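Under numbering that gives the first Met the number 0, think of the first position of the sequence shown as 0, with each following residue one higher.
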Amino acid sequence: MDTVLFQEERVIKKNDLLSKVDTGVREFILSNLRDIDASTFYWDDTIERDKITKLVDGYKGYGNVHRINDIPRINKFFERVNQTLNKGDYYVMCMETKDARRTRILNKYPRFLSRPYYMLDFLVKRVLPKWNFTKKIYFWITKGRNRVISLTEGLGRLVSCGFEIIGYQRVGYKTFILTRKVSEPAYDMQPTYGALVKLRRVGKDGKLFNVYKLRTMHPYSEYIQDFTFKRNSLQSGGKIKDDFRITGWGKVFRKLWIDELPMFINFFKGQMKLVGIRPLSKHFFNLYPEDLQQLRTKVKPGLLPPFYADLPQTLEEIIDSERRYLHSYLARPLRTDIKYFFRATYNILIKRARSN
């Protein structure tokens with residue numbers, strides 16, 4: 000009897016919130032899932048993870064219309080949602096992205112007020128939460144409410160917590176993200192969040208090591224590399240085309256190689272050499288042919304890759320360039336690195352070769 004009453008109570012709550020779900024959100028869900036619509040989701044409006052309970056029979060997924068910007072511990076909330084769903088169940092998340100927030104603020108006030116207000120808002124609610132010495136002060140003042148979050152961070156947090164991204168849609172100033180549970184959460188306690196990041200890369204003998212770089216991407220970008228690659232493919236030079244994960248100042252850092260200066264830490268630790276192949280993530284490493292993967296693991300990666308000596312345009316050309324370098328290096332190490340160093344330096348200084 001209690002179970003029946005409990006289910007009826009949930010249905011009433013669900014139907015009440017369903018009527019408040021925007022038409023655009025309903026169409027977004029139906030267009031992505033086709034035979035499943037918003038009425039088969041249990042809809043909620045909460046920031047309290049303890050109130051999330053297991054879905055009863057008949058529901059295909061869980062939807063929350065409250066912005067994650069107001070949730071103090073976002074990953075813990077996502078982990079709780081993950082625990083309440085079966086593998087294959089759906090989850091719809093709502094957020095206000097930093098770009099939508101900027102538009103909302105600039106449209107809300109006169110120009111002479113909106114610009115200073117936006118800069119102050121960005122500093123307090125975007126920058127302060129990222130520094131260890133200000134994070135506690137920020138959360139003490141705001142309780143974690145109304146935080147500024149990029150779309151990349153929202154997507155990356157979801158993937159890190161065991162969800163696959165199906166699609167996302169902006170409705171007004173809110174963005175709704177449709178996901179599917181595919182695994183247990185990663186419980187990552189050290190995501191790339193600060194200014195100095197450590198990125199897992201494939202090194203000599205196939206061992207993974209941390210490459211040090213200055214941040215040029217939004218937090219949690221590493222979790223959606225595969226998602227971004229599938230949506231955007233590659234551009235000239237072998238980088239992901241129109242990569243929305245890169246910040247505005249990150250593009251400047253990359254053009255001037257400022258982001259790669261901390262890699263000298265890897266050089267002095269003996270994990271990298273001056274000239275050599277680029278250290279790759281597991282995702283990009285697996286795009287390479289098996290013979291080149293084996294060649295790559297025989298040597299240390301380098302700070303100055305053969306890319307700048309040969310200036311290849313496509314992934315196939317990059318693969319051929321690295322294969323030529325590796326065969327030459329394994330036969331004549333010192334001679335090869337000297338030749339490639341001067342060719343790369345000439346292209347960088349004279350031909351103004353740059354990375355994207």
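In this text, a Cβ means the ideal position worked out from N, Cα and C, and glycines have one as well.
Predicted, not measured: the structure shown is a model, and the values here were computed from it.
Might you give, ordered along the chain, the residues of its own chain that have their beta carbon closer than 7 Å to the beta carbon of I73, omitting 5 neighbours on each side?
-> Along the sequence shown, one-based indexing puts residue 73 at 74. When the five nearest sequence neighbours on each side are left out, the beta carbons in the same chain lying within less than 7 Å of the beta carbon of I73 are those of I67 and R156, in order along the chain.
What do you get for P118, buried or exposed, if any count of 16 or more other CB atoms within 10 angstroms of its CB means buried?
-> Taking the first residue of the sequence shown as 1, we reach residue 118 at position 119. It is Met, not Pro, that sits at residue 118 in the sequence shown. Counting Cβ neighbours within 10 Å, M118 comes out exposed, since fewer than 16 surround it.
Leaving out five residues on either side along the sequence, give the residues of the same chain with a beta carbon under 7 Å from the beta carbon of N231.
-> To locate residue 231, count along the sequence shown from 1; it is residue 232. Apart from sequence neighbours up to five positions away, the residues of its chain that approach N231 with a beta-carbon distance below 7 Å are I239, K240, D241 and D242, ordered along the chain.
Beta carbon of Y211 nearer than 8 Å to that of N265 = In the sequence shown, the residue the question calls residue 211 occupies position 212. In the sequence shown, the residue the question calls residue 265 occupies position 266. The answer is yes: Cβ separation under 8 Å.
Y167 classed as buried or exposed, judged by whether at least 16 other C-beta atoms fall within 10 angstroms | The residue labelled residue 167 in the question sits at position 168 within the sequence shown. So Y167 counts as buried.
Taking buried to mean at least 16 other C-beta atoms within 10 Å of its own C-beta, is Y186 buried or exposed?
-> The residue given as residue 186 occupies position 187 in the sequence shown. Answer is exposed; the Cβ neighbour count stays below 16.
Nearest candidate by alpha-carbon position, reference K254, set M262, R100 and I347 | For the purposes of this step, residue 254 is taken as residue 255 along the sequence shown, with counting starting at 1. Minimum Cα distance to K254 is reached at I347.
Three-state class that DSSP yields for M271 in the structure shown = Residue numbering aside, residue 271 sits at position 272 when the sequence shown is read from its first letter. Of the three classes helix, strand and coil, the one that applies to M271 here is coil, per DSSP.
Quick one: is the Cβ of G60 within less than 7 Å of any heavy atom of the ligand ATP?
-> Within the structure as shown, the ligand ATP is missing, as the structure has no ligands at all.
Are the stretch 294-307 and the stretch 269-281 in contact at 8 Å, needing three or more beta carbon pairs?
-> The stretch 294-307, when compared against the stretch 269-281, does touch it at the 8 Å Cβ threshold.
Beta-bridge partners of T174, as assigned by DSSP = For the purposes of this step, residue 174 is taken as the residue at position 175 of the sequence shown. As a beta-bridge residue in DSSP terms, T174 pairs with M94 and R169.
Cβ-based neighbour list, I136, same chain, cut-off 6 Å, excluding 5 preceding and 5 following = Sequence index remark: in the sequence shown, residue 136 carries index 137 (1-based). Residues of the same chain with their beta carbon placed closer than 6 Å to that of I136 are lacking, with the five preceding and five following residues left out of the count.
Within 10 angstroms of the Cβ of Q293, are there 16 or more other Cβ atoms? Answer buried if so, exposed if not.
-> Taking the sequence shown and counting its residues from 1, the one referred to as residue 293 is at position 294. Exposed.
Quick one: grab the DSSP three-state call for N231.
-> Here residue 231 corresponds to residue number 232 of the sequence shown, with the count starting at 1. Look at N231 here: in three-state DSSP terms it is helix.
Thinking V201 and K281 are a contact (beta carbons under 8 Å), I'd like their distance in whole angstroms, please.
-> Within the sequence shown, residue 201 is the residue found at index 202, counting from 1. Within the sequence shown, residue 281 is the residue found at index 282, counting from 1. Under the criterion of beta carbons closer than 8 Å, V201 and K281 qualify as touching, at roughly 6 Å.
For F40 and G60, believed in contact at Cβ under 8 Å, the rounded distance = The residue given as residue 60 occupies position 61 in the sequence shown. The residue given as residue 40 occupies position 41 in the sequence shown. That belief holds up - the Cβ atoms of G60 and F40 are roughly 5 Å apart, short of 8 Å.
Going by the CB atoms, is the gap between F267 and L303 shorter than 8 Å?
-> For the purposes of this step, residue 303 is identified with residue 304 of the sequence shown, where counting begins at 1. For the purposes of this step, residue 267 is identified with residue 268 of the sequence shown, where counting begins at 1. In terms of Cβ geometry, L303 and F267 do not form a close pair [threshold 8 Å].
Residues in its own chain within less than 6 Å of D88 by CB, not counting five upstream and five downstream?
-> The sequence position of residue 88 within the sequence shown is 89, counting from 1. Here the set comprises G60 and K180.
Where L357 sits in the DSSP three-state scheme | As displayed, the chain neither begins before 0 nor continues past 355, which places residue 357 out of reach and without an answer.
E7 (DSSP reduced to helix, strand or coil) | Reading the sequence shown from its first residue, position 8 is the one you call residue 7. Legend: pLDDT at E7 = 49, less than 50; position of this residue unreliable, no value from coordinates given.
Going by DSSP, name the residue or residues bridged to V210.
-> Taking the first residue of the sequence shown as position 1, residue 210 is located at position 211. V210 pairs with L198.
Grab me the residues of F263's own chain with a C-beta within less than 8 Å of its C-beta, minus the 5 sequence neighbours each way, in chain order.
-> If you number the sequence shown from 1, residue 263 lands on position 264. Beyond the five residues adjoining it in sequence on each side, F263 comes within less than 8 Å, by CB distance, of L302 in the same chain, given in chain order.
Give the straight-line distance between the Cα atoms of I257 and R351, rounded to the nearest whole angstrom.
-> For the purposes of this step, residue 257 is taken as the residue at position 258 of the sequence shown. For the purposes of this step, residue 351 is taken as the residue at position 352 of the sequence shown. Roughly 16 Å separates the two Cα atoms.
Secondary structure, beta strand (DSSP E): runs of 3+ residues fully inside the stretch 65-147 | Segments of the beta strand (DSSP E) lying fully in the stretch 65-147: 89-94.
Which residue from H65, K250 and A343 puts its Cα closest to that of S144?
-> For the purposes of this step, residue 144 is taken as the residue at position 145 of the sequence shown. One detail in the question is off: residue 144 reads as Arg in this sequence, not Ser. Comparing C-alpha distances from R144 to each of H65, K250 and A343 shows the shortest one belongs to H65.
If you count every other CB in all the chains shown that lies within 10 Å of the CB of V349, and 16 or more means buried, which is it?
-> One-based indexing of the sequence shown puts residue 349 at position 350. Per the sequence shown, residue 349 should be read as Ile rather than Val. Looking at its Cβ environment, which holds fewer than 16 other Cβ atoms inside 10 Å, I349 is exposed.
Report buried or exposed for V24, applying the criterion of at least 16 other Cβ atoms within 10 angstroms of its Cβ.
-> The residue you call residue 24 lines up with position 25 of the sequence shown. Looking at its Cβ environment, which holds 16 or more other Cβ atoms inside 10 Å, V24 is buried.
With distances taken from CA atoms, which of L260, K173 and L154 is nearest E221?
-> Reading the sequence shown from its first residue, position 222 is the one you call residue 221. Distances from the CA of E221 to each of L260, K173 and L154 were compared; the closest alpha carbon is that of L154.
Go ahead and label H326 buried or exposed: buried means 16 or more other beta carbons lie within 10 angstroms of its beta carbon, across all protein chains shown.
-> Numbered from its first residue, the sequence shown carries residue 326 at position 327. Answer is exposed; the Cβ neighbour count stays below 16.
Taking Cβ to Cβ, would you say T96 is nearer than 8 Å to T174?
-> As a first step, residue 96 is located in the sequence shown; it is residue number 97 there, counting from the start. As a first step, residue 174 is located in the sequence shown; it is residue number 175 there, counting from the start. T174 is positioned such that its CB atom lies closer than 8 Å to that of T96.
Could you please give the first and the last residue of the uninterrupted alpha helix (DSSP H) stretch that includes F40?
-> Taking the sequence shown and counting its residues from 1, the one referred to as residue 40 is at position 41. Unbroken run through F40 is the beta strand (DSSP E), F40 to D43; no alpha helix (DSSP H).
Best match in R33, Q270 and W42 for proximity to N209 [C-alpha to C-alpha] | For the purposes of this step, residue 209 is taken as the residue at position 210 of the sequence shown. Cα-wise, what sits closest to N209 is Q270.
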